[in-house]
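What follows is one structure encoded as structure tokens, with my remarks underneath.
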Amino acid sequence: MKKCIISMITILLFFCFMTTVYAADEINIIVNGKKIEFTQNKPYIFDRDNRVVVPIKEIAEAIEAEVVYDEEKNIITFSKKYDINNGAFYDNFFDDGKEFLTLYQVSFRCGELAYWVYLETSDNNGNVVGQGEWFGISDCISIYNMDTEKVFVPIKYVAEEFGYTVTWDAKTATVTLSNENTKTMGHKLGSKQNHAFLSEIMPNIQALSECVEEMFCADVDFNEEYAGVYQSEQQYDDGSGKPIILYNVKEEAPKGDYFRDPTESSYYSVRNLKTNEEVRQYLRNYMTDDIINKWFHNDFLEYNGNLYLRRGSRGYGAVVCHAHSGKFLEQKDDKYYITVDFLYFDDFDHKEVLEFTRIGEKWIITKEYEL
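Numbering (the numbering used here), first residue to last: 2 to 372.
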């Protein structure tokens with residue numbers, strides 16, 4: 002659903018995070034006392050986030066990790082295997098005690114405000130368990146550099162995930178990485194039970210995110226654009242009225258003494274739903290009517306048995322519910338609580354708490370409030 006929307010967003014994000022090299026002095030990278038030499042693609046300060054970014058190949062070699070860049074999917078994956086001989090790390094990643102870390106991976110896509118951590122652990126009997134979790138961030142994790150045609154990543158994110166302490170000396174423009182005294186790594190993932198719960202309620206969070214972005218789980222055909230005309234300016238009602246004729250913009254506009262929308266709003270057909278009530282029925286699979294009414298106000302146009310999404314002159318998508326930022330908060334009686342991040346123009350704005358209640362065989366969002 003919404004493949005065209007996702008593709009458009011991916012393309013926009015890809016170009017939004019393209020950048021040119023920031024004119025600054027040479028950035029020095031020191032790893033456990035050794036200076037890393039960069040022959041062609043050098044580190045620089047990415048002026049959008051004011052972070053030191055480095056080419057993926059060089060930073061992977063510096064921290065003794067492998068890196069794979071899937072150009073088709075635009076995904077970068079750093080991975081590192083551990084055993085007793087190469088200084089395996091231990092940590093209390095799960096509720097059931099310390100386990101032996103055998104594999105640690107960090108994956109992210111250019112332009113996305115989240116990254117995926119996956120690890121495998123083994124107990125004394127050799128039983129291997131894998132677990133992954135999304136982590137949200139307030140700025141981009143990877144950048145495509147137009148000048149060098151290479152992918153760069155903020156050194157701090159990658160190094161800290163693999164157990165390095167990162168410091169910055171502005172006077173000498175030096176980033177120092179050290180893991181000589183480090184015995185823990187990256188994020189401590191939640192318990193297996195909490196992780197399973199977050200996976201189970203991910204469709205609910207995504208549905209809420211769709212409401213925040215005013216898509217409301219509609220499968221919209223953006224390939225065909227429609228426009229509307231009104232009987233009069235009074236019927237137009239400052240954009241709140243219903244057009245009497247909807248026509249494809251590729252065709253000739255209706256002739257006659259009609260009032261035409263001065264904002265030139267566009268309409269796009271919805272493929273999976275026919276009425277606003279069907280939208281509500283669909284959203285009830287994920288949240289209560291109180292939450293639906295907070296976001297949805299019969300926003301779609303019902304016209305000749307079909308449903309249309311309207312896009313006017315005002316902006317859309319400024320506020321986003323970051324679906325992959327969900328974190329387990331607590332459990333009280335039969336209710337579970339998680340937090341999610343809300344972004345404003347891609348920057349962190351605030352956190353909200355979502356209350357989940359089991360109703361029949363489904364988890365339903367029953368409350369939503371700002372933290």
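C-beta: ideal position from N, C-alpha, C; glycine also. Just so we're clear, the structure is a prediction, and the values are computed from it rather than from any experiment.
Rounded Cβ spacing between residue i and residue j (contact assumed at less than 8 Å)
i, j, result
"Ile-28", "Val-176", "7 Å"
"Asn-42", "Lys-172", "No, Asn-42 and Lys-172 are not in contact; Cβ-Cβ is about 24 Å, not under 8 Å."
"Ser-80", "Tyr-116", "The Cβ separation is near 13 Å, so there is no contact."
"Val-69", "Lys-58", "The Cβ separation is near 11 Å, so there is no contact."
"Val-54", "Pro-44", "7 Å"
"Leu-199", "Cys-322", "Leu-199 to Cys-322, Cβ: 15 Å. No contact."
"Arg-359", "Asp-334", "Actually they do not touch by this definition, with Cβ atoms about 11 Å apart."
"Glu-201", "Trp-364", "6 Å"
"Val-107", "Val-118", "6 Å"
"Tyr-345", "Val-320", "6 Å"
Test item: CB-CB of residue i and residue j under 9 Å
i, j, result
"Trp-135", "His-298", "no"
"Gln-236", "Phe-260", "yes"
"Trp-296", "Glu-371", "no"
"Asn-195", "Phe-329", "yes"
"Asn-205", "Tyr-227", "no"
"Asn-307", "Ser-266", "no"
"Ile-60", "Phe-109", "no"
"Thr-289", "Ile-366", "yes"
"Asp-300", "Asn-277", "yes"
"Leu-293", "Leu-178", "It is Ile, not Leu, that sits at residue 293 in the sequence shown. No, the pair does not count as a contact, with Cβ atoms beyond the cut-off."
"Leu-302", "Lys-243", "yes"
"Leu-114", "Gln-132", "no"
"Ala-254", "Val-230", "yes"
"Lys-82", "Thr-103", "yes"
"Leu-310", "Tyr-337", "no"
"Gly-327", "Met-203", "yes"
"Asn-180", "Thr-166", "yes"
"Val-213", "Phe-47", "no"
"Asn-305", "Leu-355", "no"
"Gly-240", "Asp-258", "no"
"Lys-251", "Glu-225", "yes"
Per DSSP, the bridge partner or partners of residue i
i, result
"Pro-56", "Phe-153"
"Gly-133", "Tyr-119"
"Asn-1", "Because the chain spans 2 through 372 in this model, residue 1 falls outside it and cannot be assessed."
"Gln-106", "Ser-80, Tyr-119"
"Cys-322", "Phe-343"
"Ser-179", "Thr-166"
"Ile-46", "Val-53"
"Lys-374", "Because the chain here runs from 2 to 372, residue 374 falls outside it and cannot be looked at."
"Glu-369", "Leu-355"
"Val-68", "Phe-79"
"Lys-336", "Lys-333, Thr-358"
"Lys-36", "Ile-31"
"Asp-348", "Tyr-345"
"Gln-328", "Per the sequence shown, residue 328 should be read as Lys rather than Gln. Answer is Thr-340, bridged to Lys-328."
Counting pairs of beta carbons, one from the region 211-228 and one from the region 351-360, are three or more of them closer than 8 Å? No, they do not touch.
Would you call the region 54-65 and the region 156-166 in contact, with 3 or more CB pairs under 8 Å? Yes, they touch.
Runs of alpha helix (DSSP H) lying entirely within the region 202-290, each at least 4 residues, in chain order: Here the runs fully enclosed are 203-213, 234-237, 277-284.
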